[in-house]
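S.K.: Take a look at the following structure, please.
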Amino acid sequence: MNQPIIDIKNVSFQYRESLILKDISLSFQKGGFYILMGPNGGGKTTLLKLIMGLVSPKSGTIRVNGEKPKEMCCTIGYVPQTLFFDSLFPLTVLECVLMGQLSKLSWYGKYPKAVKESALKLLSSLGILGLKNRTIGSLSGGQRQRTLLARALLCDPDILLLDEPTSGLDMEASTFIQNKLQELKGKKTILLVTHSLAEMTSSIDQAICISTTASLIPSNQLCKHYAMGVYHPGVEL
Amino acid sequence: MIEFWFALKTNPFLSMALFAGLAAAFASGIVGPYVVSKRIVFISGSISHAVLGGIGIFVFLNYITGLTIFNPLIGSLVSAIFFGFIIGASHLYYKEREDTVIAAIWSFGMAIGVIFIAVVPNTNTQLMDFLFGNLLWAGPSELKMLLALDAFVLLVCLICHKRFLAISFDETQSYLQKQPVTFIYFILLTLVAITVVLMIQTIGAILVIAMLCLPAAVANLFTRQLSKMICLSVILSLFFTFIGIYLSYSFNWPPGATIALATALIYFLSLPLKNRSI
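Chains as they are written, first to last, in our numbering: chain A, 1 to 237; chain B, 1001 to 1278.
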């Protein structure tokens, strides 16, 4: 087997008195499509934050492309579950997408021309080029998620982390995101946190249940798990 | 108005006061939109009030040592940056009780300032000047210093504009892009601190918050792009300050309060115009 692109070994994470993740070991292969599911508060978002290096584990090691998460740059694109901001926030769609290449900003604060061109191409491929000068606060939920997906993809990351990207979206907007992820399958390693049954039945490589510990769920039991509301690992169905 | 123009030509104190007011308004017009967008209005309010602590300590040290280095202006700058960093650290590392820390620093700084100024004889007028502003303090050397600080604020904002925008919108994305988020945030707070010190001279510690956020808030009603918002905010700040000083001269009202009153009134009148973006 190839060297995993994300390698998590015996990781535990504690927030104050609460043990969120306990001795988790997981590995994700390059180009794989993985679903993370589990109960609220089970540690799914925390796992994503650990992979991104936004928080540090209490114990254990995480390697992304062989590097410590805090040392990597532009390896990961991230689409958050919800982004709370003022609806009057003075930011256009294009400005938001360009933030996906902040590291390319010159010392005097200009993006290279190539980055702007890539941003426009991405907006076009996601069907929101016409919205480039609209303010982020004026977008619908679906348009906003497409914008955040464009931002995550701008630096052409190897890994795409998505935290319930279709939460609260209507059928059309959800389907668009799901189809886009299917297009990206094999080209990027995708870790998708979701509660949506539709997303889970799509052609994924592996589903993992995160609930303090982590366990792999056989795909033939996936629908059964959710249909019965059983999210916890180790439960016989 | 003709009388005001004539007075500007003949009265050097008035023209100097107007220039000082406009110089301070320029900085607040630039920094204000970042304060409003990042929602650090109350952080700025806390810094502006806590600054009185540094002013009080420096007034006291000047009284007992006689050293000119203990200038209240330097005291205000040092304390503004000091308290700005403490509040910034509490925002980054102590989020659960951030508002309480802001309130504690707000009252702590003011209390220290009032006590130190009170123990120095004959400083009541000085205290009132710091609280409510006194445009007549400005001479040619102060004006040069104001213009130098304006130039500094403008230069830093030109360089850091997109980085300020990024951390204001989504700190997580900035971390992922390996941006020094903490450093950028502290640069922003330093700019706020410098602007607060500039504004204290004209409008006073108590009313600084009005000039820091209201012109930017009015600008935000007409545009949703930060760069345009800054340009509009600068124009509005200069306009409000000019109107305030003109009214203050015409009716013999205190200039700081008149500027704040004019600004707040125009803000309220602008609210129905919401969503007319350019």
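Glycine included, every Cβ here is placed at the ideal spot set by N, Cα and C. Here the structure is a predicted model, which is why all the values come from computation and not from measurement.
(1) In chain order, what residues of the same chain lie with their CB nearer than 6 Å to the CB of A1166/B, ignoring the 5 residues before and after it?
(2) Where does the unbroken alpha helix (DSSP H) through D1099/B begin, and where does it stop?
(3) According to DSSP, what are the bridge partners of R146/A?
(4) For P239/A, which of T189/A, S27/A, G38/A has the nearest alpha-carbon?
(5) Using a beta-carbon distance cut-off of less than 9 Å, what residues from the segment 124 to 145 of chain A approach chain B?
(6) Hey, quick one: how far does the alpha helix (DSSP H) through G1032/B stretch, first residue to last?
(7) Please go through the segment 125 to 206 of chain A and give each complete beta strand (DSSP E) segment of 3 or more residues, from N-terminal end onward.
(8) Which same chain residues end up closer than 6 Å to K9/A when comparing Cβ atoms and leaving out the 5 residues on each side of it in sequence?
(9) Could you list which residues in chain A have their beta carbon closer than 8 Å to that of T1190/B, in chain order?
(10) Go ahead and pull the three-state DSSP assignment for Y1267/B.
(11) Alpha carbon to alpha carbon, how far is F1152/B from I1184/B? Give it in angstroms, no decimals.
(12) Could you tell me which residues DSSP pairs with Q3/A in its beta bridges?
(13) If you follow the alpha helix (DSSP H) that F89/A is in, where does it begin and where does it stop?
(14) Take R146/A and list the residues in its own chain whose beta-carbon comes closer than 6 Å to its own, dropping the five residues that flank it on each side.
(15) Quick one: Cα of V1197/B to Cα of L1232/B, how far?
(16) What residue does the alpha helix (DSSP H) around L98/A start on, and which one ends it?
(17) Name, please, each residue of chain B whose Cβ falls closer than 7 Å to the Cβ of T92/A.
(18) Kindly provide the ranges of any alpha helix (DSSP H) runs that are 4 or more residues long and lie completely inside the segment 1190 to 1258 of chain B, ordered along the chain.
(19) Scan the segment 1228 to 1262 of chain B for residues whose Cβ lies nearer than 7 Å to a Cβ of chain A and list them as they occur along the chain.
(20) Buried or exposed for P1121/B, going by 16 or more other Cβ atoms inside 10 Å?
(21) Reducing DSSP to helix, strand and coil, say where L1261/B ends up.
(22) Spell out the partners DSSP gives L50/A in its beta bridges.
(23) Determine, using beta carbons only, whether I76/A comes closer than 8 Å to chain B.
(24) Interface residues of chain A around F1169/B at Cβ under 9 Å?
(25) How many angstroms separate the CA atom of V115/A from the CA atom of E1171/B?
(26) Quickly, what does DSSP pair G77/A with across the bridge? List them, please.
(27) Indicate whether P69/A and I51/A have their beta-carbon atoms separated by less than 8 Å.
(28) Buried or exposed: where does Y1249/B fall if 16 or more other Cβ atoms within 10 Å of its Cβ makes it buried?
(29) Could you name the residues of the segment 1149 to 1165 of chain B whose beta carbon sits closer than 9 Å to any beta carbon of chain A, in the order they occur along the chain?
(30) Just to confirm, are L1135/B and A1020/B a CB contact at a threshold of 8 Å?
(31) Is it buried or exposed, V1119/B, if we count other Cβ atoms within 10 angstroms and call 16 or more buried?
(32) Output yes if chain B places a C-beta closer than 8 Å to the C-beta of G31/A; else output no.
(33) Expressed to the nearest angstrom, what Euclidean distance is found between the alpha-carbon atoms of G43/A and N1062/B?
(34) Check whether the segment 150 to 170 of chain A touches the segment 10 to 21 of chain A, taking contact to mean three or more Cβ pairs, one atom from each stretch, closer than 8 Å.
(35) Would M52/A pass as an interface residue toward chain B - the criterion being a Cβ-Cβ separation below 8 Å?
(36) Let me know if G229/A comes out buried or exposed under the rule of 16 or more other beta-carbons within 10 Å of its beta-carbon.
M.R.: This is what the structure holds:
(1) S1174
(2) 1098 to 1119
(3) Per DSSP, none; premise fails for R146/A.
(4) Beyond the ends of chain A as shown, which are 1 and 237, falls residue 239/A; an answer cannot be given.
(5) N133, R134, T135, I136, G137, S138
(6) 1012 to 1037
(7) 159 to 163, 189 to 193
(8) S25, G60, T61
(9) Correct list: empty, because the minimum Cβ distance to chain A is about 17 Å.
(10) helix
(11) 16 Å
(12) For Q3/A, which the question treats as bridged, DSSP gives no partner whatsoever.
(13) Run containing F89/A: none; DSSP gives neither H nor E here.
(14) L126, I128
(15) 22 Å
(16) 93 to 98
(17) Q1225
(18) 1208 to 1222, 1226 to 1251
(19) M1229
(20) exposed
(21) helix
(22) Answer by DSSP bridge pairing: none, since L50/A is not bridged.
(23) yes
(24) L83, F85, F89, L91, E95, C96, M99, I136
(25) 21 Å
(26) L160/A
(27) yes
(28) buried
(29) L1158, I1159, C1160, H1161, K1162, R1163, L1165
(30) yes
(31) exposed
(32) no
(33) 57 Å
(34) no
(35) yes
(36) Since pLDDT at G229/A reaches only 48, below the 50 mark, its modelled position is unreliable, and the value read off the structure follows with that caveat. So G229/A counts as exposed.
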